[in-house]
Every structure is written in structure tokens, then in C-alpha cells.
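*Asks:* Have a look at the structure that comes next, please.
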Amino acid sequence: MTLPIPAHAQTILRILTAAANAGDQCPTNGVLAEAIGALSISAPANAISLLEAIGLITVERGSCRRMVTIVATGKSTAPVVSKIRAYGTSASPKPHNRKRRPLEYAEPVRVDPSRIVDRDPCTYCGTRSDHGCIHNRRAA
Numbered sequence: 001m002t003l004p005i006p007a008h009a010q011t012i013l014r015i016l017t018a019a020a021n022a023g024d025q026c027p028t029n030g031v032l033a034e035a036i037g038a039l040s041i042s043a044p045a046n047a048i049s050l051l052e053a054i055g056l057i058t059v060e061r062g063s064c065r066r067m068v069t070i071v072a073t074g075k076s077t078a079p080v081v082s083k084i085r086a087y088g089t090s091a092s093p094k095p096h097n098r099k100r101r102p103l104e105y106a107e108p109v110r111v112d113p114s115r116i117v118d119r120d121p122c123t124y125c126g127t128r129s130d131h132g133c134i135h136n137r138r139a140a
């Protein structure tokens, strides 16, 4: 016994089939959510997972993109295009050849002891001594 496919999943299957026939990239979840009238962008992702579990489509997931193959026709959406380029291309970052400098240690900062303020709250009243606690006043 096969369960009926929900209407929104059938709509997504039609959209994916049209994209595969045209050779376009797989539509994003936002585009699919708008097409089925869903308020959440997770609804198309769940429908695609359902279609994949049923066996109507296969999905190859990449970095923020997916390639869907319609099992009935064997056609696929456009392959996932990576935006990462290898070294040696014009848009790739060049490795630097700078020499590392030795770490330079700065002298420790000298703090005037009269400027040290106790910021811990008083155990009796909960007020800091620099805000007016009468229990833990520092000697002036």
C-alpha cells in the first residue's frame, strides 16, 4: 500500500522536474516555499526529504546547494558549482612570503596601588565598596 503524496510535495516535484528538464540549478528553499505558499522555508526541505525517501528523486547536497535527479526521467538539475578557486588562478589569494618577526614582549604595566578598587560586593549588604558600602571601606 502506498501512501498518497501531499499536494505541496507534488507541486515541488513538478517544479524540480521543470528545472531538471531545463537544466537549471535546483531552486532554493525560499523560492520553493513561495511557490507552495508556505510560511516556513523548512517546509520545502521536508518535502524534498519525503520525495527522496519515497524514491521519486535523488539528492546530492553540496555547500548551500543541491543537485536533484528525477528518477523517472533520469534528468538532473545543474551541478553544484563551487565558489572556491585553486591557487594559481587570477582570483585566488596569493600565499605571502613574509618573514616572521620574533615576538616583542612589552614591559609589564605598572599600576599605582592607590588606584586599585575593590569591586567585589560586600557579603553583608551586597554593595561594592567604591559605591558606598560602609562595611568594607578601604583605608585612604
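Under my numbering, think of the first position of the sequence shown as 1, with each following residue one higher.
No residue lacks a Cβ here, since even glycine has one placed at the ideal position from N, Cα and C.
These numbers were taken from a predicted model, which means no experiment stands behind them.
On the DSSP bridge assignment, give the partners of residue 116 in chain order.
*Replies:* None; residue 116 has no bridge partner.
*Asks:* Classify residue 26: buried if its beta carbon has 16 or more other beta carbons within 10 angstroms, exposed otherwise.
*Replies:* Buried.
*Asks:* Report yes or no: do the segment 29-42 and the segment 57-65 share at least 3 C-beta pairs separated by less than 8 Å?
*Replies:* No: fewer than three Cβ pairs fall under 8 Å.
*Asks:* Return helix, strand or coil for residue 92, following the three-state DSSP convention.
*Replies:* For residue 92, the predicted structure reports a pLDDT of 49, less than 50, and the residue's modelled location is therefore unreliable. A value from the coordinates is still provided. Note: residue 92 maps to coil in three-state DSSP.
*Asks:* So residue 41 is in the alpha helix (DSSP H); what residue range does that whole segment cover?
*Replies:* Neither: residue 41 is in no alpha helix (DSSP H) and is coded neither H nor E.
*Asks:* Do residue 47 and residue 15 have their C-beta atoms within less than 8 Å of each other?
*Replies:* For residue 47 and residue 15, no; Cβs fall outside 8 Å.
*Asks:* Between the C-alpha atoms of residue 10 and residue 67, what's the straight-line distance to the nearest angstrom?
*Replies:* Rounded to whole angstroms, residue 10 to residue 67 spans 18 Å at the Cα level.
*Asks:* Taking the alpha carbon of residue 5 as the point to measure from, which residue in 53, 20 and 19 has its own alpha carbon closest?
*Replies:* Out of 53, 20 and 19, 53 has the C-alpha closest to the C-alpha of residue 5.
*Asks:* With a threshold of 6 Å on Cβ separation, who are the neighbours of residue 29 within its own chain once the five nearest residues in sequence on each side are excluded?
*Replies:* Excluding sequence neighbours, residue 29 sits near 41, 44 and 45.
*Asks:* DSSP on residue 140, reduced to helix/strand/coil?
*Replies:* A caution first: residue 140 carries a pLDDT of 43, below 50, which makes its placement in the model too unreliable to give a value.
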